[in-house]
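Residue numbers (our numbering), protein chains in the order written: chain A, 7 to 174; chain B, -10 to 401.
All C-beta atoms in this analysis are idealised placements derived from N, C-alpha and C, irrespective of residue type, glycine included.
Since we're looking at a predicted model, the values are computed, not measured.
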């Protein structure tokens, strides 16, 4: 089903934020909408957005490729995006990341075999005073987890796994 | 002293509209719309000496006065793309004291004749955007946003817009491109946004902290504002303190506070009692300041920090102690900028790439002085050649790191 058919109310609400003659501005919120269910944006969804906004699918693809929070491939249900930038690294983020890799049994950029968590290193998330920290991205949005320890993180992963099992 | 910006630390529930109203909320906006001409608002802000808090430090009222009154409509865009490594102040304002920020957006909009304003938040501030949407709806309900405000002909709508993970969108012309639904790549200037901004119309882009200063300036006046801070840098600033300090966090202090006060009095000193080796006062974009007693006793304001060979920028003070080697620090900053370069201009796109190759090779053990010279050379070749400040910023730590801490790079 097309995006406009599946989410008529949301599409209308998004378009209402911008002048009708500049509806292209809606491409970013529409991409988030397209990412909601699967956590990534399909080719069909890109075409839907192009049709809604009267732009080419290439234009839409260029936006997906430019911004790091849009994804065009299926990965883990949750993306655990750990900040390893300078201020966090001065407070132990690299060691935290290493230890997470060891505990999850994966490398940075990989997904756990059960498909629940993809571990990623990202740049500054404006939480430099609460390192180590990460954000959890799923189709539903983003949540910050700050002042984290490896134990607390693994507890969260267990909870996510249980929740994930229900979905399956 | 009570807080001017971080008022949620003094007043519980100030994010609630009734509590905010009880504490003087929206009186400044009411006063501007019902009793002041737009130009008068600009004059007060000019007289207050308020300078842009996003990093450039440009006088806010002067920026507004450039708005082109021959072309309409006008727009205001609030820059909430806070992404500089070491900066986390706008986030606290929007989470804790959102209504004062939104009132600031409203005052700026009235001053430049805008009937629509956008708050551009970095994509990671997803939950903050939802929160602001709720606050905006409450303001509409209470009659502070919408048509014919306070019985006048002035109308205003505020909308939030989420970015999606791109540091470059904090640069104001890249932000406008992004808001127009394009890749966030900076425009060639001039023309500046005040003439050719959002949708080609005159636009003012102001940082969240800048805008949050407006309600108290209108309420208490320009002279009151200038009683705080220094002659060069009026008012208060939120210093984001991070790195190897005991108590990192945001500290709202008058300009002119010294590095020593910030790090030791407010930040609790350095972890494990180590000495401060270097300070980066403007996040990853910063030059390194070699810390000594004289430096620590230096006042933090725009002009004085410049005498130390650095810029105060957004006042994101990263503290580095003597356990940290500067080559490791610039490895972090170079990879940050390489990742965030938008790819539009060659010096930045290629320069950050080659700097990353060189710093990796230097750190892989094959340390050679020739590579240090080459890295310095690449950085200097980039300077003054990039389309926007990002490329320039990427070289600051590299050049000053190698020049001011040669022992961390060169073999004897």
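Determine the contact status of residue i and residue j, defining contact as a CB-CB distance below 7 Å.
| i | j | result |
| --- | --- | --- |
| residue 257/B | residue 235/B | yes |
| residue 129/A | residue 82/A | no |
| residue 145/B | residue 134/B | yes |
| residue 290/B | residue 245/B | yes |
| residue 193/B | residue 65/B | yes |
| residue 150/A | residue 154/B | no |
Tell me the rounded alpha-carbon separation between residue i and residue j.
| i | j | result |
| --- | --- | --- |
| residue -8/B | residue 241/B | 7 Å |
| residue 260/B | residue 305/B | 18 Å |
| residue 310/B | residue 231/B | 12 Å |
| residue 187/B | residue 90/A | 34 Å |
| residue 341/B | residue 164/B | 21 Å |
| residue 2/B | residue 279/B | 42 Å |
| residue 87/B | residue 68/A | 33 Å |
| residue 385/B | residue 42/A | 40 Å |
| residue 215/B | residue 53/B | 19 Å |
| residue 119/A | residue 103/A | 18 Å |
| residue 28/A | residue 164/A | 45 Å |
| residue 166/A | residue 372/B | 47 Å |
| residue 308/B | residue 274/B | 14 Å |
| residue 294/B | residue 251/B | 14 Å |
| residue 88/A | residue 125/A | 8 Å |
| residue 169/B | residue 263/B | 48 Å |
| residue 136/A | residue 152/A | 5 Å |
| residue 50/A | residue 301/B | 47 Å |
| residue 354/B | residue 391/B | 17 Å |
| residue 25/B | residue 208/B | 12 Å |
| residue 182/B | residue 162/B | 7 Å |
| residue 33/A | residue 59/A | 7 Å |
| residue 84/A | residue 229/B | 30 Å |
| residue 226/B | residue 120/B | 24 Å |
| residue 322/B | residue 113/A | 22 Å |
Sorted by chain position, which residues of the same chain lie with C-beta nearer than 6 Å to residue i's C-beta, five sequence neighbours on each side aside?
| i | result |
| --- | --- |
| residue 174/A | With a pLDDT of 42 at residue 174/A, under the threshold of 50, the modelled position of that residue is not reliable, and the figure given next carries that caveat. Taken in chain order, the list of residues that qualify is empty. |
| residue 93/A | 134 |
| residue 148/B | 107 |
| residue 417/B | Lying outside -10 to 401, the shown extent of chain B, residue 417/B is not represented and no answer is given. |
Use the C-beta contact count for residue i: other C-beta atoms within 10 angstroms, 16 or more gives buried, fewer gives exposed.
| i | result |
| --- | --- |
| residue 210/B | exposed |
| residue 139/A | buried |
| residue 395/B | exposed |
| residue 366/B | exposed |
| residue 312/B | exposed |
| residue 115/B | buried |
| residue 44/A | exposed |
| residue 113/B | buried |
Excluding the five sequence neighbours on either side, which residues of its own chain have a C-beta within less than 8 Å of the C-beta of residue i, listed in chain order?
| i | result |
| --- | --- |
| residue 48/B | 35, 38, 39, 40, 41 |
| residue 405/B | There is no way to answer for residue 405/B, as the model of chain B reaches only from -10 to 401. |
| residue 284/B | 248, 268, 278, 297 |
| residue 47/A | 37, 40, 41, 70, 76, 77, 78 |
| residue 27/B | 99, 100, 101, 102 |
| residue 362/B | none |
| residue 177/B | 376 |
Which residues in chain B have a C-beta closer than 7 Å to the C-beta of residue i? List them in chain order.
| i | result |
| --- | --- |
| residue 91/A | 74, 321, 325 |
| residue 145/A | Those do not exist, as residue 145/A stays about 12 Å from chain B at its closest Cβ, beyond 7 Å. |
Quick one: residues in its chain with C-beta nearer than 7 Å to the C-beta of residue i, no 5 flanking neighbours on either side, listed in chain order?
| i | result |
| --- | --- |
| residue 397/B | 314, 315, 316 |
| residue 22/B | 99, 138, 139, 141, 143 |
| residue 219/B | 244, 245, 288, 290 |
| residue 184/B | 57, 191 |
| residue 109/A | 156, 160 |
| residue 325/B | 74, 273 |
| residue 221/B | 290, 291, 292 |
Applying a beta-carbon distance threshold of less than 8 Å, which residues of chain B neighbour residue i?
| i | result |
| --- | --- |
| residue 79/A | The premise fails here: residue 79/A is roughly 16 Å from chain B at the closest Cβ pair, so nothing lies under 8 Å. |
| residue 53/A | Simply none; closest approach about 16 Å. |
| residue 10/A | Those do not exist, as residue 10/A stays about 17 Å from chain B at its closest Cβ, beyond 8 Å. |
Starting from residue i, find everything on chain A with Cβ-Cβ shorter than 8 Å and list it in chain order.
| i | result |
| --- | --- |
| residue 63/B | Simply none; closest approach about 13 Å. |
| residue 155/B | 72, 73, 74 |
| residue 77/B | 132, 133, 134, 135 |
Give me the chain A residues within the contact set of residue i, using Cβ-Cβ distance strictly less than 7 Å, ordered along the chain.
| i | result |
| --- | --- |
| residue 168/B | 31 |
| residue 328/B | 129 |
| residue 71/B | 132 |
Run down chain A in chain order and give the residues with a C-beta less than 9 Å from the C-beta of residue i.
| i | result |
| --- | --- |
| residue 22/B | What residue 22/B touches in chain A: nothing, since even the nearest Cβ is about 23 Å away. |
| residue 233/B | 96, 97 |
| residue 80/B | 132, 133 |
Can you pull the chain B residues whose beta carbon is under 9 Å from the beta carbon of residue i, in chain order?
| i | result |
| --- | --- |
| residue 34/A | 112, 150, 151, 152, 153, 167, 168, 170 |
| residue 38/A | 112, 115, 151, 153 |
| residue 148/A | 112, 113, 114, 115, 116 |
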